[in-house]
Each structure stands twice: as C-alpha cells, then as structure tokens.
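Novice: Right, I'll just put the structure down here and ask away after.
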C-alpha cells in the first residue's frame, strides 16, 4: 500500500517478519485463544458471576419500557374507572426497583470487569516483559528493540483499550439486542416477526462491513507503522538531522506518510459512515413498517395501544446498539491483532535455555578455568564461524585475542558468556558444561563488558550498583576508585548521585565506559571478558584502566579483545585467530620475538603510533 | 486550533446544519407515533393511517441520508485537522534544539504524535458532535415535554440538576486521574525502552530479575491508578443510568394520574414516555462522551506542552556568499542550565581557512561540546563563534549547516536505503559525487550489499558493524562538501588497517576544507596542521604535535600510548 516514491527512499530489504497472515481476523487463531484462555482461567468463577450480573442488569434495564407499557395499559383504566391508583403504584414501585437494580448491577459489573481486565493486563505485561528478558540474545538481535518496544507498549495498549472502553459497551449492546428480540416476540408474535424480518439483511450487511473493515484496518496499520518508524528515527537521530539540514527532506517524507495515513483513515471513516447509515435506514424502515402494520392491527383491536407504544420504543433500542458495535469493531480488531503478536512472542523458546537440573560448580564458587572442547559454531549452517576449537584457559590467566574483523573473536567471547550455545562440542567452566549452570551461577561467574556501554536512567551510583544490586555506597565508591573513575564522578554536579540522563546522554562515551568498568568490577566475576571495552577511552583513561586491570585481573580469568595492541600488553597469553582457528598461541614477548602474524601486527601498531 | 479549522468553515456549517435537522427529524418520529395512536387508532379513522405511516417511512429515509451526508462531510475536516497538527508537530520537533531532545524520550514524543492526536481526532469526529447533539436533543426534548404538559416537563427539567452537578464533579476528578494514568504509562514505556535497548548489558550481568522488579513496580502503579479510574467511571455511569429511569417512573405515575383526571390524552402520555425514553440513551452515553472529552483535553495539554516549547536556537538572517571557512572561537563559554561549573570557559581558537586543528583533551574535557557549537547544535552561554567574521547566531541555519558538516562518534543510521542515508544533507548529489565520497571514506563495502546502494540499512534493515557505520557517517559528511568539516572522534571503531586507509583519504579532503578533528590517537592528530590542547574546559596550548609532545607534559600524558612505548614513538619521530 506504499507508493513507489516511498519504496525508493526506504530501500530494499528482505521480507518483513512482523506481518500477520493475510487475513487479520477477529476470530482468534489457536495460540491467541490459548493465551486468552490461560489469562482468564484464574477468573472463571468471577466471569460466571459477571455474566449473571450483566444478564440481570440488562433484564432490569429492558424491563423498564415494558413496565411503562403495563402501567399505561393496566394502571390507567382503574383510575378512569375511579377504583384508585393501586395497580399504577405497584407498577411504578416495580420500575423503581428495576432502575435501582440496573444501576447497582451495572456498577458492580463495571467494577468487576475493570478488576478482571486490569489484572489480565498486569499479568500480560509481566509475562511478556519477563519472556522478552528470558529470550536469548540471538532472538533480540533479529527481532530488534523497536519491535520489542511496540509489543510491550502499543500492542498491550490496544488490548487495554478494548477492555476499558469497548468491552462494556459491546456486552451491553449484544445483550440488549438479544433481549429486545425476545421481548418483541413475546409482546406480540405477529408484530415481533415483522420487526425481525430485516434481521438476515442486517447480518449480511454486517458481514460485508466486517470484510471491508478488515481491509481498511490493514491499510491503516501499515501506514501508521511506517509513520512511527520515521518519526522515532528522526527524533532519536535528531543530531544528525539538524547537523545535515535534513529537516526539509524529512518533512517531505513525513508529510507523504502522514497523507497515506490520512487517506487510510478516511477510508475507515467513510466505511463507518456507510455502515451506520445502512443500519439506521433498515431500522427506520422497520419502525415505519411496524407503525403501519401495528396501527392497522390496533385499529382492528388486535393489539392494545400500550403494546404498540412499547413496540415502537423497543424497536429503536434494537437498532441503537448496532452502531456501538461498528464503533468498537476496530478496537476489537487491533486488540486481536495485538494478542496474536503477543502470543507469537510468548511461544518463542529461548535458544539458550535454562537447565532443567542445574549443576552446582565444584566447591560452590567459580575458580575460572575455561575449556572449549571441539566447539563448532555457525550462524548459518554452511558458513561456520568456528569450525572446531579446542582451548583451555587455566584459572586466573589473562588471555588477549587478536585477529582481523570476522576472525571469530567476539563469537568466542559470546560462547563463554553463553549468549549463544555451540552448534557442536561443549564449553566448560571449572569442568561443568555451561548449559548445566543456572543463570545466577553463570552470571555471577562470567561478566562481559563490550563497547556498547548502556547506562540506565538513574544516578551514577545506581548504574554502578547494577553490577551487584545489594552493594553499599562504600563498595560502589571503592569500585569506582579501583577503576580510576572516582575523580571524574566526584567532579560531576551531584557526584555519585548525578542523574545520567537519557541513556547516559549527559556523559561522554569515555565516561560511560568508565562507569561500565566500575560496574563490572563491582560484580566481581571469576571470568571477565572485555570485548573492545577500551576503544572509546582516551589514552589517560585507558592507561588508568589498564593499571587497574593489572590488579583486577590478578586473581581472575580474563579474555581481552582489542584492536589496540596496547591493551594486549597486560595479557599473560596471546591468541591470534584467523577464520575461526587459533594460529598463534603464546606469551606476548615470545610472539613478538618470533616472526609470526602477531609480530607483524605489533610492528604495524608501533608504526601507527609514530607515523 | 481555530487556524486549523479555518479551511473547513463551510463544511463545518454544513455538518452542524445536517446535525440539527437530524435531531429535528429524530424527534418527529415519536410525534408521528402519537398522531397515529391519537388519530386513526383511537378514532377508528383508517384513511389517515396510510399517509401517516408513509410519512414515518419518509422521515426515516431522510434521517438516514442526513447521517450519511454529515459523516461523509466530517471526514475531511477531522482528518485534515489531525494531519495538519501532526505535520506541524513534526516540523516543530525538528526545530527544537538538542537540549530539548536530550530530555525527552522519543517514546514520549511518539505517543503525542499518535495516541494523543487520535484521541483528539476521535473526540472531534465523534465525541464533540455527539456531546453537542446530545445536549441539544436534551434541551429540545425537554422544551417539547414542557410544551406538551408542563408539570411533567418541569419534573424532567429538575432531574437534570443532579446530572449536571455530578458531571462537573466527575469531570474534575477524572481529568486528574486520567492524566496520572497517562504519565505512569509513559514511565512504564521508558522502562520498556531501556530494557529492550540495554538487553546486552542486562544479559551480561544476569540482571533479569532486577530489571523485572523495576518494571513490575511501575506496572503495579499503572494497575492501581487504572483501577481507581475504573471505579470512578463505574460510579458515575451507574448514576447516569439511574436518574432517567427514576424520572420515567415518576412521569408514569403523575402522567397516568393526569390521564385519569383528563388533563392529558392517552396518546400524549405514550408520546411523552417515548420521548423520555429517547433521553435515556443520550444521558447514559454522556458518561462516555464526557470521559472522552476529558481525555481529549488531557491529550491537547500534553501536545501543547511540546508545541509551546520555544526553540531556543533560531536561525538568523545572514548568509555567506562565498564562504572561506575561517572559524574563530572568541571567549566562548558553555554551561548546562542549572550546572554550577561550566563545561567550557574562555575558549579562544583561530582556525584559518583550509587549516586543520586537532582537539585533544582528557575524557570529559569538553571536546564534543566544543564541536557541537560550530553547527549550533548548542549555543555558547558566553562569547561567540564566528565563521568568516559572522557570528554563527546571525547566520541562517541552512547557510550555517551547509558550511559545516559533522561526522559523529556514534553514527546515526536511519531505516532507509544506503543512498538516502548518505545523501542526508544533499539530496541532489550526483552519482559521481556519491562514488567519490564512498571512495574517500573507504566505504566500498556498500557495493557488495545485497541490493547495493538501494539496500535498506538501520534498525529495520541490514545491520552493519561499528567500523562500517563510522565509514558511512564519514562518507555522509564528506559528501556534503562542507567548507568546515568536524570529525568527532570518527575513527575510534576502525581496525588499524582500515584506519590507515581512511586517514589517507581524509588527508585529501582536509587539504581543501577547514577541519576540526577530535582525536585520541597520535595517528589521528597527525592529520592536523596544529593541535589545541583542551583542559578543564579551556584551551591551554596550541602548537605542533611534536612541539607539544616535547614541551607539555600533560599532552605527552594524553597521547603517548603507554609509558613503555614513549621511547619508541619519540624515536620514530626523530
């Protein structure tokens, strides 16, 4: 539904993975139904009660026009006859009771359905959030953060919207229609049948509306998705936008997307208008017909005036709710689409699952001996990154990994921190397969610091404490001191209590990295992995960190990946990797002295320093 | 708001006319019923039945047609309004400075551009008309009832007093609580955003539970407030149900007594109750509509919060016809609002046309802030920055930003084609220029992507490595052929070999342009003609690299890779 011009700036990419099956239907698919059933199960009894309440409420509401009819037909003749208002008073009393019942039950219904709805939402939020956090990194890398965010915000909100505004109206509308139909037939069979004659027409018409509305809905959703992506990226990348005078072109694209969205919405509004008109027309024609036929019947004395009056009242009520239903059809549709996507996420299995029977580490605490046993790893089956690797790193050794981009250094690091599992072979920590360790044990033992140093909103201290949530202020401070970050933190406006701003935006990349180091140090792991962790530091900071690393790494296993060879200097052992294999292995001095690749790299680096 | 509606005045008038006629027609229905009962049925006059019946059908058709006309006419103004506001919001947001965007999560801005605007649209397209129509219908019906039989009419009128009173009270509380829910949902969204973007960090430390607990606290808050909101609405909606019904019962009682005493005809009573029942729906739906109105008001407030923010950086009117690229910092200082210490103070620096200066300084010395001052991403709080003698604040923003281009440390890629990403600032670039820029930035890898330059990259497309992203950012800056090129530590994620290639290429580019290069490494510094050392927010030394290396200990401290390598580096220099 996008124009060709849209396609040209967007560029080409492989299939969108987010698409729902061709037909976004309100009829839920198997897995959505299962999820819904699962969410509602704890409230089975409450829901039964709720249904009873709403039936009572609707019955009470519906009985009122009927009672008015009774009042007119039965209550007035005794008065005109002079035998007093006794019947009338009884009827009025019953009406009052019915009104009170309806109001009370309605309130109870709204409260209860509100409670159930909000509890279901809370549960859904918890489940989806928790599930996303459980899913492996490989999933997140494919799924992208943007989609995680929209699952947890807009999709859940679409369900919330249905529960809050649509549900009550929908249930009432359906019940009112059914109740009214029954009442009409009971009041007078002939007139009732006449009133119900257009019903098949109505159903056909509704079906047509539903089909059209699915198409319109799809178009709206597609156009709004593009609009949102463009909007969010313009705002997150505003610095580049402004620095490169991108605004006019952005505005052009945005207006185009906005217009697409407008015309999709216009289609929806026109469809709604047509539907409402149709319903109203059918309704009014029926009422006119009933008036004629009923008037004729009344003329011949076959129907009382009261019945005719009541009939006309009910008929209007019969068609009113149909309009409600059309109003909420879109809400229903987007909620079911949202549910479908959420249930899809919840069905994803973590590719790095938790062990069923976790095994403890020997002696209860990690010592840090890492072993790769014939490890093969491939993202794509034909192109293994690691074709078969054997490697033992004794506890306490610092190992530097060197090699060109794509040699498999980062993959090795990700396997040790179990972001991925090997395709074949095993990775062992202190002799235990990583797949047998439960998450807390593994994460306590192995921590990885990358150049992506994410800071969470909160204070500097909060962010350091992320490494060990229970740590005291003093421990936080000591960690920062050990890593050489204390001075700059102390110099911030509020010291350790300085808010870091949106994603740490108030700090430079180097400062963020120092905080990330302090965080890792506080976590005190047996195995520390540094993947390009010092690349955004300037030389003095890097030197500080390196000085600190000498002490920090003294009693733990470390794996260091760096482009800059200066970092490598502190290692006990250097591994040079090429196409997934270790081609050189030894202490740095010895490798430099030899005339291998490392010696060559080292010389190139020296040259780059002095050029 | 008024200005947004102006183009649609004729349509709006039409809509209101059809709505008013629609109400009149709707009310005609029960009146015709009354005629049927009082006339043909009670008097046995079969001849009058058919015309009246046909009249009813005719009126019914007209009513339906009026609805169609009104709703079709509504489409344009309602969506036009929404679209125009969204366009303006986007335009406004693009003009707001970095300071604003640093404070606002993009999710918060997005919810204003989508959810809040749809809320307003729904209210304008549906709620507002219904609100006014309902009230008009209430008034007309009440007047009719008063006309028909004034004592009963008065009773109906009296019943509106508690409704109005409760509505006003409800409104006040509802507006507060719905704003609270919206804000809490915003906080929740922020946590979601962080948990999604920071997933690697969370995984690396195994802090799933910690993050979950934070989220859960916020979700529970939303739950609690939403429950309060539901309870409040439940009470109000039930109240709106009960009042008309109780009134109806009283009308029946008094009406029947009046019929008994001959004060009212039977048909009139039937018509009276029919009309009254017509009031039940508008009154009950008043609850929804008022809630909707409240939400629309809250949304409008949230929207205005952003729209009313005045861009603190507005362009001047000056232009430079033939820029030479003479850049000067004259006593420049910068302080974040509310901070007690300045980031920059009394910075003086003169960069002559074609000259390249490397800015060197420790982490947090203010290097990035300094570079952001040139294209006016931020403005100095003291002193001024000039280009060819013009204060940058006097220049048009378009002029300024075509003279200056920046390659940032963290390159921003958009979910668009490679071509669109590269031509960010120069949509009119030719293919040759593009090829040159790609060559200069050593970004030839783009030709090997599945669809070449048309491949979509960014979050929704192909993902690239850090080095590839930086080279694209560089190509982007080079392509805009700036007189002044700012490189904010653009080379940090490149491996040694690629860096050497890029540096070689940059040397060519910088020969013609004035350059400011933020550097951490000696190799990058050597691109520059001279070096400025930034320390504690001010420039302490300006000079040649080896001169500073020899004379300034702090500089040596910053740039000599490692104590052990000092000798090697210096040896090579000699």
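Chains as they are written, first to last, in the working numbering: chain A, 1 to 611; chain B, 1 to 574.
Cβ coordinates follow ideal geometry from the N, Cα and C atoms, glycine included.
Give me the chain B residues within the contact set of residue 258 of chain A, using Cβ-Cβ distance strictly less than 7 Å, ordered along the chain.
Specialist: Mapped onto the first chain, residue 258 of chain A falls at position 258. Within chain B, the residues near residue 258 of chain A are 83, 86 and 87.
Novice: For the segment 407-421 of chain B, list every residue whose C-beta sits within 9 Å of some C-beta in chain A, in sequence order.
Specialist: Taking 9 Å as the Cβ-Cβ cut-off against chain A, the residues of the segment 407-421 of chain B that qualify are 408, 409, 410, 411, 412, 413, 414, 415, 416, 417, 418, 419, 420 and 421.
Novice: Got a sec: is the Cβ-Cβ distance from residue 101 of chain B to anything in chain A below 8 Å?
Specialist: What you label residue 101 of chain B is simply residue 101 of the second chain in a count that begins at 1. Closer than 8 Å: yes.
Novice: For residue 325 of chain A, which option in A:74, A:170 and A:497 has the closest C-alpha, if you only look at C-alpha atoms?
Specialist: The sequence position of residue 325 of chain A within the first chain is 325, counting from 1. Nearest of A:74, A:170 and A:497 to residue 325 of chain A, Cα basis: A:170.
Novice: Is residue 581 of chain A helix, strand or coil when you go by DSSP?
Specialist: In the first chain, the residue the question calls residue 581 of chain A occupies position 581. The answer is strand: DSSP assigns residue 581 of chain A an E or B state.
Novice: By alpha-carbon positions, which one of B:99, B:95, B:49 and B:244 ends up nearest to residue 501 of chain A?
Specialist: As a first step, residue 501 of chain A is located in the first chain; it is residue number 501 there, counting from the start. Residue 501 of chain A has its Cα closest to that of B:99, out of B:99, B:95, B:49 and B:244.
Novice: Quick one: is residue 9 of chain A buried, meaning 16 or more other Cβ sit within 10 Å of its Cβ, or exposed?
Specialist: For the purposes of this step, residue 9 of chain A is taken as the residue at position 9 of the first chain. By the 10 Å Cβ count, residue 9 of chain A comes out buried.
Novice: Between B:115, B:21, B:519 and B:356, which lies nearest to residue 298 of chain B when the distance is taken from Cα to Cα?
Specialist: Reading the second chain from its first residue, position 298 is the one you call residue 298 of chain B. Out of B:115, B:21, B:519 and B:356, B:115 has the C-alpha closest to the C-alpha of residue 298 of chain B.
Novice: Note down the Cα distance separating residue 468 of chain A from residue 443 of chain A, rounded to an integer number of angstroms.
Specialist: As a working mapping, residue 468 of chain A is identified with position 468 in the first chain. As a working mapping, residue 443 of chain A is identified with position 443 in the first chain. C-alpha separation (whole angstroms): 11 Å.
Novice: Given this structure, state the Cα-to-Cα distance separating residue 49 of chain A from residue 109 of chain A, to the nearest angstrom.
Specialist: Within the first chain, numbered from 1, the residue matching residue 49 of chain A stands at position 49. Within the first chain, numbered from 1, the residue matching residue 109 of chain A stands at position 109. One C-alpha to the other measures close to 9 Å.
Novice: Pull up the distance between the alpha-carbon of residue 556 of chain B and that of residue 236 of chain A, whole angstroms please.
Specialist: Here residue 556 of chain B is taken as the residue at index 556 of the second chain, counted from 1. Here residue 236 of chain A is taken as the residue at index 236 of the first chain, counted from 1. Rounded to whole angstroms, residue 556 of chain B to residue 236 of chain A spans 37 Å at the Cα level.
Novice: CA-CA distance, residue 363 of chain A and residue 554 of chain A?
Specialist: In the first chain, counting from the first residue as 1, residue 363 of chain A sits at position 363. In the first chain, counting from the first residue as 1, residue 554 of chain A sits at position 554. Near 21 Å, if we compare the C-alpha coordinates of residue 554 of chain A and residue 363 of chain A.
Novice: Within the same chain, show all residues whose beta-carbon is closer than 8 Å to that of residue 292 of chain A, passing over the 5 residues directly before and after it, in chain order.
Specialist: Here residue 292 of chain A refers to the residue found at position 292 of the first chain. Result list for residue 292 of chain A: empty, nothing under 8 Å.
Novice: For a test of the three-state rule: what should DSSP assign to residue 144 of chain A, helix, strand or coil?
Specialist: Sequence index remark: in the first chain, residue 144 of chain A carries index 144 (1-based). In this structure, residue 144 of chain A counts as coil in the three-state DSSP scheme.
Novice: With DSSP collapsed to three states, give me the class of residue 104 of chain B.
Specialist: Start at 1 with the first residue of the second chain, and residue 104 of chain B comes out as number 104. Correct three-state label for residue 104 of chain B: coil.
Novice: Under three-state DSSP, which class holds residue 90 of chain A?
Specialist: Walking along the first chain from the start, residue 90 of chain A turns up at place 90. It is helical.
Novice: If you run the structure through DSSP and keep just helix, strand and coil, what is residue 33 of chain A?
Specialist: Counting from 1 along the first chain, the entry for residue 33 of chain A is found at position 33. Three-state DSSP puts residue 33 of chain A in a helix.
Novice: So, helix, strand or coil for residue 376 of chain A, using DSSP?
Specialist: Sequence index remark: in the first chain, residue 376 of chain A carries index 376 (1-based). Residue 376 of chain A falls in the strand class under three-state DSSP.
Novice: What three-state label does DSSP hand residue 486 of chain A in the structure shown?
Specialist: Within the first chain, the letter at position 486 stands for residue 486 of chain A. Reduced to three states, the DSSP call for residue 486 of chain A is helix.
Novice: Unbroken alpha helix (DSSP H) runs of length 4 or more, entirely within the segment 115-165 of chain A: which are they?
Specialist: If we require 4 residues or more, the alpha helix (DSSP H) runs fully inside the segment 115-165 of chain A come out as 137-143, 145-150 and 156-161.
Novice: Residue 612 of chain A versus chain B: which residues are under 9 Å apart at the beta carbon?
Specialist: With chain A covering 1 to 611 only, the question about residue 612 of chain A has no answer from this structure.
Novice: Roughly how many angstroms separate the alpha carbons of residue 105 of chain B and residue 213 of chain B, rounded to a whole number?
Specialist: Start at 1 with the first residue of the second chain, and residue 105 of chain B comes out as number 105. Start at 1 with the first residue of the second chain, and residue 213 of chain B comes out as number 213. Answer to the nearest angstrom: the Cα atoms are 21 Å apart.
Novice: At a CB-CB cut-off below 7 Å, which residues of chain B make contact with residue 538 of chain A?
Specialist: What you label residue 538 of chain A is simply residue 538 of the first chain in a count that begins at 1. Ordered by position in chain B, the residues that pass the 7 Å Cβ test against residue 538 of chain A are 362, 363, 520 and 558.
Novice: Does the distance from the CB of residue 366 of chain B to the CB of residue 534 of chain B come in under 8 Å?
Specialist: In the second chain, the residue the question calls residue 366 of chain B occupies position 366. In the second chain, the residue the question calls residue 534 of chain B occupies position 534. Yes, they are a contact pair.
Novice: To the nearest angstrom, report how far apart residue 310 of chain A and residue 68 of chain A are at their CA atoms.
Specialist: Within the first chain, residue 310 of chain A is the residue found at index 310, counting from 1. Within the first chain, residue 68 of chain A is the residue found at index 68, counting from 1. So the two alpha carbons sit approximately 8 Å from each other.
Novice: Counting only Cβ pairs nearer than 8 Å, list the residues of chain B close to residue 409 of chain A.
Specialist: In the first chain, counting from the first residue as 1, residue 409 of chain A sits at position 409. Under the 8 Å cutoff, chain B gives no residues; its nearest Cβ is about 11 Å from residue 409 of chain A.
Novice: Spatial neighbours of residue 391 of chain A within its chain, please: C-beta separation below 6 Å, excluding the five flanking residues on both sides.
Specialist: Stepping through the first chain from its first residue, residue 391 of chain A is reached at position 391. Cβ neighbours of residue 391 of chain A beyond the five flanking positions: 372.
Novice: Looking at residue 425 of chain A: is its Cβ nearer than 8 Å to the Cβ of residue 374 of chain A?
Specialist: Numbered from 1 along the first chain, position 425 holds the residue referred to as residue 425 of chain A. Numbered from 1 along the first chain, position 374 holds the residue referred to as residue 374 of chain A. Their beta carbons are under 8 Å apart, which means residue 425 of chain A touches residue 374 of chain A by this criterion.
Novice: Counting only C-beta atoms, is residue 385 of chain A closer than 8 Å to chain B at any point?
Specialist: Position 385 of the first chain, counting from 1, holds the residue named residue 385 of chain A. With 8 Å as the cut-off, residue 385 of chain A does not count as an interface residue toward chain B.
Novice: Determine the DSSP secondary structure at residue 384 of chain A, reduced to helix, strand or coil.
Specialist: Position 384 of the first chain, counted from the start, is the residue given in the question as residue 384 of chain A. Strand, per DSSP.
Novice: Counting only beta-carbon separations shorter than 8 Å, does residue 273 of chain A have a partner in chain B?
Specialist: As a first step, residue 273 of chain A must be located in the first chain, where it is residue number 273. Yes, contact with chain B.
Novice: Three or more C-beta pairs closer than 8 Å, one from the segment 212-219 of chain A and one from the segment 239-252 of chain A: is that the case here?
Specialist: No, because fewer than three Cβ pairs between the segment 212-219 of chain A and the segment 239-252 of chain A fall closer than 8 Å, the two stretches do not touch.
Novice: Candidates B:17, B:30, B:248 and B:40: which alpha carbon is nearest residue 296 of chain A's?
Specialist: Looking up residue 296 of chain A in the first chain gives position 296. Considering only alpha carbons, the answer is B:40.
Novice: Got a sec: which bits of the segment 448-461 of chain B sit with their beta carbon under 8 Å from any beta carbon on chain A, in order along the chain?
Specialist: Listed by position along the chain: 450, 451, 454, 455, 456, 457, 458, 459, 460 and 461.
Novice: May I ask you to list, following chain order, the residues of the segment 158-174 of chain B that have a beta carbon less than 8 Å from some beta carbon of chain A?
Specialist: Listed by position along the chain: nothing, the set is empty.
Novice: Sort B:434, B:426, B:74 and B:78 by Cα distance to residue 402 of chain B and report the nearest one.
Specialist: By one-based count along the second chain, residue 402 of chain B stands at place 402. When each option's Cα is compared against that of residue 402 of chain B, the closest is B:426.
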